[in-house]
Amino acid sequence: MTAATRKEELKNILEKLNSGEATEEVKKEAQELIESISAKELSEAEQELINDGLEETELRHLCTAHIEAMAEELEKLKTDVPVGHPLSTLIAEHEEILKILDRLDEVNKEIQKLEEFDQDNPVFEELKDIGSKLLDTEKHHTREEETIFPEVDKSGVTGPTRIMRMEHDDLWPHKEEIMNLAENAAEMNFDRFKEELKKHSEYIVITLRDHIFKENNILYPTAKDVIEKNIWEEIKTQSDKIGYCSFTPEVELDN
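Numbering (the numbering used here), first residue to last: 1 to 255.
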């Protein structure tokens with residue numbers, strides 16, 4: 001399949017997805033196309049669509065279709081980068097963030113069953129800890145945006161990084177709100193508290209899980225392909241200066 005043919009096929013599938021024709025047949029068609037090309041080729045094709053005037057938000061549909069088709073990319077990437085490599089550290093942090101999201105999901109469900117606030121119930125302290133760790137994920141996002149994204153952009157592939165930046169921005173106020181709710185639960189109307197907690201928790205859990213899958217399976221393999229080996233040492237130095245998260249695995253920092 002030529003690059004021109006690939007771009008046309010992607011464009012046709014996106015038009016169907018964006019017009020609401022996300023039938024199983026269309027999803028299968030998208031997946032089959034994605035399976036036939038690499039993460040780098042797909043990112044380049046998406047970039048051509050953006051250059052032709054496609055809105056980045058419309059690419060979210062296609063990014064979601066990548067997830068299952070590109071599942072093998074992450075395992076391959078893990079074996080290709082040593083512990084302590086910037087991508088290895090980011091992937092390890094993703095695994096910890098997914099655990100935090102599992103905790104948030106469970107805590108939200110537990111609180112939804114309660115009828116009133118009880119300061120002696122440990123679930124509320126647990127929510128504060130989760131809120132603190134969610135805010136701490138910003139160091140992870142900052143390292144991506146200031147070290148990895150610019151290098152990927154230099155290659156001419158700016159679509160994936162634009163989408164990831166947009167989702168970072170979208171997620172931030174919801175993370176802040178979880179912390180705000182955790183700190184002010186005692187003073188709030190409890191029904192309102194539960195309603196707000198449910199809304200923000202569900203948004204973060206769904207959006208951030210999806211975001212992580214897209215970075216692991218699309219952005220990071222693309223970065224590995226387009227960033228020269230000698231650049232990674234500078235990325236590691238910059239990452240060290242920015243700093244790491246409270247939950248970054250020690251093994252990553254010791255290498």
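Glycine residues also receive a C-beta, built at the ideal position from the N, C-alpha and C atoms. Just so we're clear, the structure is a prediction, and the values are computed from it rather than from any experiment.
Span separating the alpha-carbon of residue i from that of residue j
i      : j      : result
Glu48  : Gly159 : 9 Å
Leu98  : Val107 : 14 Å
Glu115 : Gly131 : 22 Å
Ile204 : Thr89  : 22 Å
Leu74  : Tyr220 : 8 Å
Glu252 : Asn12  : 42 Å
Ser155 : Asp170 : 26 Å
Ile212 : Phe117 : 33 Å
Glu176 : Leu208 : 14 Å
Met179 : Glu233 : 35 Å
Asp240 : Pro86  : 10 Å
Ile50  : Arg162 : 10 Å
Gly53  : Val157 : 15 Å
Pro326 : Met164 : For residue 326 there is no data in the structure shown, the boundaries of the chain being 1 and 255.
Thr222 : Val152 : 8 Å
Val81  : Ile148 : 15 Å
Lys28  : Glu215 : 22 Å
Lys113 : Glu167 : 30 Å
Glu110 : Glu228 : 47 Å
Asp225 : Asp210 : 22 Å
Leu104 : Asp136 : 15 Å
His94  : Gly84  : 14 Å
Where residue i falls: helix, strand or coil (DSSP)
i      : result
Gly159 : helix
Asp80  : helix
Glu125 : helix
Glu25  : helix
Glu116 : coil
Endpoints, the alpha helix (DSSP H) within which residue i is located
i      : result
Asn108 : Pro86 to Gln112
Asn230 : Lys229 to Ile242
Leu253 : Glu250 to Leu253
Asp225 : Tyr220 to Val226
Reference residue i, options the options, closest by Cα
i      : options                           : result
Pro122 : Arg162, Asn180, Lys28 and Ala185  : Ala185
Ile199 : Leu87, His174 and Gln119          : The residue asked about is misnamed: residue 199 is Lys in this sequence, not Ile. Cα-wise, what sits closest to Lys199 is His174.
Thr142 : Glu32, Glu25, Glu29 and Gly243    : Gly243
Leu197 : Ala182, Glu187 and Asp210         : Ala182
Trp172 : Glu8, Phe124, Ser201 and Asp120   : Ser201
Lys128 : Glu95, Ile100, Glu32 and His140   : Ile100
Lys78  : Cys245, Asn230, Asn217 and Pro249 : Asn217
Thr248 : Phe190, Arg103 and Glu138         : Glu138
Subject >> Contained alpha helix (DSSP H) runs [length at least 4] in the segment 128 to 214, N- to C-terminal order >> reply: Counting only runs of 4 or more, we get 149 to 154, 159 to 184 and 190 to 214.
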